[in-house]
Structures are given as structure tokens and as C-alpha cells.
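Here's the structure, in C-alpha cells; my notes come after.
Protein chains: 2
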Amino acid sequence: MDLMIGIDGGGTGCRAAVAGADGRVLGTGTAGAANIVTDLATSHTHIIEAAEAACRDAGLQPEKLAEMPAVLGLAGANVGGNGRLLEGMLPFARSAVVSDALTALVGALGPHDGAMAIIGTGSIFAARAEGAVRFVGGWGFKVGDLGGGARLGRALLEEALLAYDGIHPRSPLTQRVLAHFGNDPQAIVEFAHTARPLDFGTFAPWIIAAAGTSDPVAERLLDEGRRAVEEALAALMPAGCDRLCLLGGLSAAYAGLLSSRFGAILKQPFGDALHGALAIARERFGPGGANQP
Amino acid sequence: MDLMIGIDGGGTGCRAAVAGADGRVLGTGTAGAANIVTDLATSHTHIIEAAEAACRDAGLQPEKLAEMPAVLGLAGANVGGNGRLLEGMLPFARSAVVSDALTALVGALGPHDGAMAIIGTGSIFAARAEGAVRFVGGWGFKVGDLGGGARLGRALLEEALLAYDGIHPRSPLTQRVLAHFGNDPQAIVEFAHTARPLDFGTFAPWIIAAAGTSDPVAERLLDEGRRAVEEALAALMPAGCDRLCLLGGLSAAYAGLLSSRFGAILKQPFGDALHGALAIARERFGPGGANQP
Numbered sequence: 001m002d003l004m005i006g007i008d009g010g011g012t013g014c015r016a017a018v019a020g021a022d023g024r025v026l027g028t029g030t031a032g033a034a035n036i037v038t039d040l041a042t043s044h045t046h047i048i049e050a051a052e053a054a055c056r057d058a059g060l061q062p063e064k065l066a067e068m069p070a071v072l073g074l075a076g077a078n079v080g081g082n083g084r085l086l087e088g089m090l091p092f093a094r095s096a097v098v099s100d101a102l103t104a105l106v107g108a109l110g111p112h113d114g115a116m117a118i119i120g121t122g123s124i125f126a127a128r129a130e131g132a133v134r135f136v137g138g139w140g141f142k143v144g145d146l147g148g149g150a151r152l153g154r155a156l157l158e159e160a161l162l163a164y165d166g167i168h169p170r171s172p173l174t175q176r177v178l179a180h181f182g183n184d185p186q187a188i189v190e191f192a193h194t195a196r197p198l199d200f201g202t203f204a205p206w207i208i209a210a211a212g213t214s215d216p217v218a219e220r221l222l223d224e225g226r227r228a229v230e231e232a233l234a235a236l237m238p239a240g241c242d243r244l245c246l247l248g249g250l251s252a253a254y255a256g257l258l259s260s261r262f263g264a265i266l267k268q269p270f271g272d273a274l275h276g277a278l279a280i281a282r283e284r285f286g287p288g289g290a291n292q293p
Numbered sequence: 001m002d003l004m005i006g007i008d009g010g011g012t013g014c015r016a017a018v019a020g021a022d023g024r025v026l027g028t029g030t031a032g033a034a035n036i037v038t039d040l041a042t043s044h045t046h047i048i049e050a051a052e053a054a055c056r057d058a059g060l061q062p063e064k065l066a067e068m069p070a071v072l073g074l075a076g077a078n079v080g081g082n083g084r085l086l087e088g089m090l091p092f093a094r095s096a097v098v099s100d101a102l103t104a105l106v107g108a109l110g111p112h113d114g115a116m117a118i119i120g121t122g123s124i125f126a127a128r129a130e131g132a133v134r135f136v137g138g139w140g141f142k143v144g145d146l147g148g149g150a151r152l153g154r155a156l157l158e159e160a161l162l163a164y165d166g167i168h169p170r171s172p173l174t175q176r177v178l179a180h181f182g183n184d185p186q187a188i189v190e191f192a193h194t195a196r197p198l199d200f201g202t203f204a205p206w207i208i209a210a211a212g213t214s215d216p217v218a219e220r221l222l223d224e225g226r227r228a229v230e231e232a233l234a235a236l237m238p239a240g241c242d243r244l245c246l247l248g249g250l251s252a253a254y255a256g257l258l259s260s261r262f263g264a265i266l267k268q269p270f271g272d273a274l275h276g277a278l279a280i281a282r283e284r285f286g287p288g289g290a291n292q293p
């Protein structure tokens with residue numbers, strides 16, 4: 001029986017699935033965060049915990065992991081050699097650490113060609129056409145990730161300060177932000193000084209809610225986000241692309257805003273990133289796969 | 001003889017001047033940085049060094065400082081009580097710590113009413129009309145300081161990444177930035193991750209130089225900066241304002257770009273921030289001043 005294992009890991013947790021050569025999932029398991037950029041050792045521990053739990057769920061001894069090839073989709077896989085480093089530490093028969101965006105793409109598209117946008121705290125875009133995969137964006141909110149929640153939140157704080165100074169018009173939303181900071185602009189500055197992407201991103205739902213009541217500042221910020229998302233997709237999508245999947249926490253908000261060119265080809269994702277990891281494992285390590293001995 | 005002392009301090013150094021009640025400068029001195037937000041103790045040391053040097057330059061014993069009132073214009077004077085804390089540590093007869101933007105405004109306008117924009121790494125705007133002073137901006141580059149060098153530089157790095165991804169058109173300037181980072185977008189991301197305002201600001205001169213050769217990206221970024229500066233000035237300037245002083249490292253670049261409404265009232269600054277500190281000292285502590293016993 002040709003078993004293989006797929007892992008989907010990130011800052012909030014780690015999921016594993018054991019599957020047969022036909023792709024059928026035999027067992028799953030979860031464990032804590034796997035952020036290999038900030039904590040490789042803990043990530044390693046959690047990955048093995050999740051994989052062993054998936055084994056037990058499939059009625060297998062954890063020792064069997066040594067016989068299974070694994071594909072791991074992890075954030076930061078391509079940053080500073082962390083992915084290669086982790087591959088050398090893992091107990092699986094063979095290991096391939098790939099980016100979480102690749103497993104998300106392969107999972108979302110299934111057997112089809114098409115494009116994907118992941119818009120959560122950050123933003124990244126990818127397309128696959130005739131086997132060729134291309135990514136754009138995903139550079140982090142400081143100089144990228146346009147349209148993502150951190151950028152939306154940061155832009156809202158800037159608008160609140162511009163409204164405070166009388167430079168831009170106030171709106172119910174900018175007043176709500178100022179009130180949240182005790183009507184003290186210096187409190188906004190201090191928050192922004194140490195805010196991480198997730199912290200800025202906490203204000204994205206405020207924008208989405210306010211846009212629902214036609215707040216002009218919220219509508220403008222969301223429209224700037226939509227334009228950035230559409231610019232990235234336009235640059236990325238091959239001619240004739242007829243499938244676009246939106247993933248991430250802001251996908252529902254943007255789905256309703258997209259121009260018809262993009263809205264018309266929106267499709268539900270075929271599967272999730274864990275499915276994607278298993279699909280890549282099957283392709284690389286399964287019968288007739290690229291890396292079979 | 002009613003002597004007083006003025007101090008102009010900041011992240012790059014500290015200047016002091018001793019003047020008579022008529023405002024005539026009798027001696028000046030300099031010392032190291034005075035950044036009271038990050039290092040109050042060293043700032044205190046440098047302020048006293050500069051003041052004692054000014055005394056000696058005026059042919060006075062440093063002990064005379066205990067008889068002189070002082071006004072100090074310092075960055076961060078209004079942040080977290082640092083200004084008040086420093087006032088209690090100083091050896092002068094009386095001390096008033098005010099923001100460096102106020103001493104710059106009073107110095108630049110001299111006896112006139114008018115408006116001022118300081119556009120360097122950051123940006124802040126102020127106006128005085130019939131004794132009333134108002135400031136806008138200056139909130140730091142993360143959620144403010146529009147038009148300043150840090151914002152320009154950060155925007156350029158973002159454009160270089162958008163050009164790399166094929167989302168926005170390339171230009172000679174975006175190509176120069178990519179080449180500077182070894183054509184490795186990840187190197188830009190890593191730079192941005194730890195860059196301070198001054199680090200981002202190092203790219204502002206690149207933009208100004210490229211705009212001089214009609215680079216389209218440089219022209220667009222500088223035009224966005226100009227619009228932000230003009231929006232702030234429009235919100236700030238009282239009706240009939242006929243005097244606008246531009247200060248800071250980017251003032252020359254922006255002076256040539258301003259719309260005629262603003263360009264027509266540009267004036268050379270009357271004096272610098274040290275003159276401003278002495279003018280405030282004269283007003284508050286001089287004969288007939290607000291705080292005379």
C-alpha cells in the first residue's frame with residue numbers, strides 16, 4: 001500500500017492527512033502553529049505531532065511515517081533556506097517543503113487550470129496554465145500585500161488622522177476609529193508604531209461593515225483594494241482564463257465587488273490546501289510520479 | 001543685562017545661542033544629538049554642553065546659565081511627558097521645552113503671519129494667524145507624514161515590486177531600485193522589514209533625480225507627494241494667507257512643483273529654529289513677557 005502524507009501548516013496551526021495512492025484520505029490530525037520563519041524547532045515538533053495523530057487516526061503505527069513520502073505546504077518555505085533546512089530534519093521517507101500558496105493553489109484548482117487570489121491579512125495571487133505556475137504579490141504589508149487586511153487597516157488609521165486634521169472629510173467610520181483611540185491621535189500613532197500585520201488587520205472588518213452602510217471613506221478604501229486586486233489578476237491571468245478562486249478572510253467581501261470580467265469566472269475552490277499538499281505528493285512521489293526511484 | 005538662551009535640538013545635533021533682551025546673539029555653541037524620546041539622559045548632557053559652549057563663546061561663565069531663562073525646541077516635546085520631565089532636570093533659571101516644529105515656525109515667520117511646511121524625512125505643517133498657531137500632520141511615516149522622504153521611498157520600493165511582478169509598468173527608476181537589491185525582490189522585502197524612516201528616505205533623492213529626467217514612476221510619486229502637501233496646506237492656511245515657507249530637505253524639490261496658489265506666496269524663511277527659540281524666550285521671559293514675575 002503506497003501511503004503518503006500531506007501537511008498544511010501556518011501561524012495558527014498545523015493539519016496533516018494520511019492518504020493512499022488513490023488520494024483517499026485515511027486519517028487526519030492537528031497540532032499547534034508551524035511558523036518556520038520565526039520558530040523552526042517548535043514548527044518541527046508540531047508537524048510531527050500532527051503527522052503522528054493522522055497515523056493513529058488511520059489506524060497506523062507512527063513508525064510507519066518513516067515509510068511515507070510527505071509534502072508540506074508552509075508559509076515562508078522559500079525564505080532564507082528554511083524549507084530546505086526543515087526537509088533535512090523530518091522523519092518521513094522523503095520530504096518536500098513547498099509554499100503554502102502553492103498547496104492552496106493546487107487544492108483550489110484541482111484538475112483545472114485557472115487563477116487564485118488569497119486575500120486575508122496579506123494578499124498573494126497565482127495562476128496555473130498547462131502545468132506552469134506563476135505567483136505575484138505576497139511581499140508583506142510594508143511594501144506590498146495591496147488589498148489585504150493589514151493594508152486596509154493601515155490606510156484607515158491614516159484616514160482617521162487626515163480627518164482629525166481636517167485634511168480629508170470625516171465619516172462615521174473615521175469618527176469610530178478616533179473614538180476607539182479615545183479621540184487622541186497620538187494613541188493611533190503609538191498603536192501603529194508597534195502594530196503587526198494582524199493588528200492593522202483588525203480594522204478591516206470595520207471597513208467592510210461600514211461599506212455596507214455606504215460610509216464614503218470605507219467605500220473608497222475598499223474600492224482602492226479592489227482595484228489593486230484586479231490589477232494583480234489582470235497582470236497574472238492567461239488569455240482565456242475561465243476559473244478564478246478567491247480564498248482568505250476577505251474573499252467574500254471582495255467577491256461582491258469585482259468587475260464583471262473577474263466576477264463572471266468566480267468558482268468555488270475544488271479543495272483546500274491540505275488536498276493540495278496530497279495532490280502534489282501524489283504527483284511527485286506516487287506511482288509514475290516525478291520522483292519515483 | 002537680561003540674558004536668555006535658546007536651544008534647537010534633534011536627532012543629528014544640538015545648537016544653543018545666548019542672546020540679550022534685544023535678541024542680539026552674543027554667543028553660540030553646539031553638541032551631539034538631543035533625541036528626548038529615545039535617550040533623555042544623553043539629550044540632557046548634550047543640551048548642557050551646547051549651552052555652556054554658547055556661554056563661553058559669549059565670554060560668560062557657565063554658572064551664569066542658572067540666571068538665564070531658556071526655551072528649547074525639541075522633537076518629541078509633546079510625546080509622553082518627556083518635555084515636562086526634561087524641564088525639571090535643567091539648570092536654567094526657567095525652562096520651557098516646546099516642539100521643534102514650533103521653534104521652526106516662529107523662526108521662519110519672524111514677525112509675520114503665514115504658513116510653513118517642513119518636508120524632510122517626515123512632513124508637518126503649521127500656520128499662525130493673529131497669534132493663534134495650528135499644526136497638522138507630523139504623525140510619523142507609518143500612518144502619516146505624507147509627501148515626506150520616508151513615504152516617498154517606501155512608495156518607490158512598492159512600485160519596484162509591482163514592476164517586478166508585471167502589475168505596474170517598469171521604468172528606469174524601478175529597474176535601478178531592483179538592480180540595487182541584486183534583482184532579488186526578497187531583498188527589498190527584508191530591507192523594508194527593518195527599515196527606519198531615514199532608511200526609506202534614502203530613496204527620496206533617487207525619485208527627485210529621476211523626475212528630472214521625466215521618469216514616469218518618479219513623476220507620479222512626486223506628484224502624489226505634491227498633492228498630499230497641497231491638501232494639508234489648503235486645510236490649514238487661513239483665508240488671505242500671503243506667506244508660505246518651505247523647510248526641510250525636500251523643500252527645494254517641492255517648491256518647483258507647487259500649484260500657483262501656493263507657489264505665488266512662497267517666501268524665504270525669516271530665520272531658523274534657533275532664532276525661533278530665542279523669539280519665544282523673549283516673548284515669554286523677556287521684559288513685559290507673559291511669564292515675567
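Sequence lines, in order, name chains A and B. Those letters in the first sequence? Residues 1 to 293, per full-length UniProt numbering, in order. Those letters in the second sequence? Residues 1 to 293, per full-length UniProt numbering, in order. C-beta: ideal position from N, C-alpha, C; glycine also. What you are looking at is a predicted structure, and each value in this text was computed from that prediction instead of being measured.
What are the boundary residues of the alpha helix (DSSP H) that includes residue i?
{"i": "ILE118(A)", "result": "Careful: ILE118(A) lies outside any alpha helix (DSSP H), inside the beta strand (DSSP E) at 114-119."}
{"i": "ILE7(B)", "result": "Careful: ILE7(B) lies outside any alpha helix (DSSP H), inside the beta strand (DSSP E) at 4-9."}
{"i": "VAL106(A)", "result": "100-109"}
{"i": "ALA150(B)", "result": "149-164"}
{"i": "CYS241(A)", "result": "Segment: none, CYS241(A) is in no alpha helix (DSSP H) and carries neither H nor E."}
{"i": "ARG282(B)", "result": "273-285"}
{"i": "GLN175(A)", "result": "172-180"}
{"i": "ARG56(B)", "result": "40-57"}
{"i": "GLY140(B)", "result": "First-last for GLY140(B): undefined, no H or E at that position."}
{"i": "VAL189(B)", "result": "185-194"}
Please determine, among the options, the residue with the shortest C-alpha to C-alpha distance to residue i.
{"i": "ARG284(B)", "options": "ARG134(B), ALA93(B) and GLU224(B)", "result": "ALA93(B)"}
{"i": "THR202(A)", "options": "ASP184(A), GLY59(A), THR121(A) and PHE125(A)", "result": "THR121(A)"}
{"i": "LYS64(A)", "options": "LEU72(A), GLY73(A), ALA53(A) and GLY140(A)", "result": "ALA53(A)"}
{"i": "ASN82(A)", "options": "VAL37(A), GLY153(A), ALA179(A) and ALA126(A)", "result": "VAL37(A)"}
{"i": "ALA253(A)", "options": "ALA96(A), PRO205(A), ILE188(A) and ALA126(A)", "result": "PRO205(A)"}
{"i": "GLU87(A)", "options": "ALA101(A), LEU109(A), SER43(A) and ALA108(A)", "result": "SER43(A)"}
{"i": "GLY29(B)", "options": "ALA41(B), ILE7(B), ALA21(B) and PHE270(B)", "result": "ILE7(B)"}
{"i": "ASP242(A)", "options": "ALA31(A), ALA41(A) and ARG128(A)", "result": "ARG128(A)"}
{"i": "ALA256(B)", "options": "ARG226(B), GLY140(B) and GLY23(B)", "result": "According to the sequence provided, residue 256(B) is Gly. The question's Ala does not apply to it. It is ARG226(B) whose Cα lies nearest to the Cα of GLY256(B)."}
{"i": "PRO166(B)", "options": "PHE200(A), GLY148(A), ALA126(A) and ASP2(A)", "result": "Strictly speaking, residue 166(B) in this sequence is Gly, with Pro absent from that position. Nearest option by C-alpha distance: ALA126(A)."}
{"i": "LEU266(A)", "options": "PHE191(A), ALA66(A) and ALA117(A)", "result": "ALA117(A)"}
{"i": "HIS46(B)", "options": "ASP22(B), THR12(B), LEU102(B) and HIS193(B)", "result": "THR12(B)"}
{"i": "LEU162(A)", "options": "ASN183(B), ILE124(B), GLY153(B) and GLU190(B)", "result": "ILE124(B)"}
{"i": "ALA228(A)", "options": "ALA195(A), GLY144(A) and PHE191(A)", "result": "GLY144(A)"}
{"i": "ALA209(B)", "options": "THR174(B), ILE188(B) and ASN183(B)", "result": "THR174(B)"}
{"i": "PRO172(A)", "options": "HIS193(A), ILE207(A), GLY73(A) and GLY147(A)", "result": "ILE207(A)"}
{"i": "ALA51(B)", "options": "SER95(B), TRP139(B) and ASP22(B)", "result": "SER95(B)"}
Please report the straight-line C-alpha distance between residue i and residue j, rounded to a whole angstrom.
{"i": "GLU130(A)", "j": "ALA77(A)", "result": "24 Å"}
{"i": "ALA70(A)", "j": "GLY10(A)", "result": "16 Å"}
{"i": "GLN292(B)", "j": "SER259(B)", "result": "Note that GLN292(B) scores 48 on pLDDT, short of 50, meaning its location in the model is unreliable; the coordinates nonetheless yield the value given after this. Roughly 44 Å separates the two Cα atoms."}
{"i": "GLY248(A)", "j": "LEU105(A)", "result": "12 Å"}
{"i": "ALA150(B)", "j": "PRO197(B)", "result": "5 Å"}
{"i": "PRO287(A)", "j": "MET68(A)", "result": "13 Å"}
{"i": "PRO111(A)", "j": "GLY276(A)", "result": "11 Å"}
{"i": "HIS180(B)", "j": "PRO91(B)", "result": "49 Å"}
{"i": "ASP215(B)", "j": "ALA160(B)", "result": "13 Å"}
{"i": "ALA66(A)", "j": "LEU3(A)", "result": "11 Å"}
{"i": "GLU158(A)", "j": "ILE280(A)", "result": "42 Å"}
{"i": "ALA239(A)", "j": "ALA101(A)", "result": "22 Å"}
{"i": "ALA16(A)", "j": "LEU109(A)", "result": "20 Å"}
{"i": "HIS147(B)", "j": "GLU231(B)", "result": "Correcting the residue identity first, residue 147(B) is Gly in this sequence and not His. If I take the Cα positions, the gap works out to 11 Å."}
{"i": "CYS55(B)", "j": "PHE270(B)", "result": "25 Å"}
{"i": "ALA187(A)", "j": "LEU156(A)", "result": "14 Å"}
For the beta strand (DSSP E) that contains residue i, what are its first and last residues?
{"i": "THR28(B)", "result": "25-31"}
{"i": "GLU217(A)", "result": "In the sequence on display, residue 217(A) carries Val and not Glu. Segment 216-236 is the alpha helix (DSSP H) holding VAL217(A); no beta strand (DSSP E) there."}
{"i": "ALA126(A)", "result": "123-129"}
{"i": "VAL133(B)", "result": "132-137"}
{"i": "LEU246(A)", "result": "244-247"}
{"i": "ARG15(A)", "result": "14-19"}
{"i": "VAL71(B)", "result": "69-74"}
Chain A contacts made by the region 160-181 of chain B, where a contact means CB separation under 9 Å: ALA160, LEU161, LEU162, TYR164, ASP165, GLY166, ILE167 and HIS168
Name, going along the chain, the residues of the region 211-231 of chain B whose beta-carbon falls closer than 7 Å to a beta-carbon of chain A. GLU231
Short-range partners of chain A found in the region 100-116 of chain B, where Cβ spacing is below 7 Å: none
Quick one: which residues of the region 267-278 of chain B get their C-beta closer than 7 Å to a C-beta of chain A? List them in chain order. none
Looking at chain B, which residues of the region 139-152 of chain A have a Cβ within less than 7 Å of any of its Cβ atoms? TRP139, GLY140, LYS142, VAL143 and GLY144
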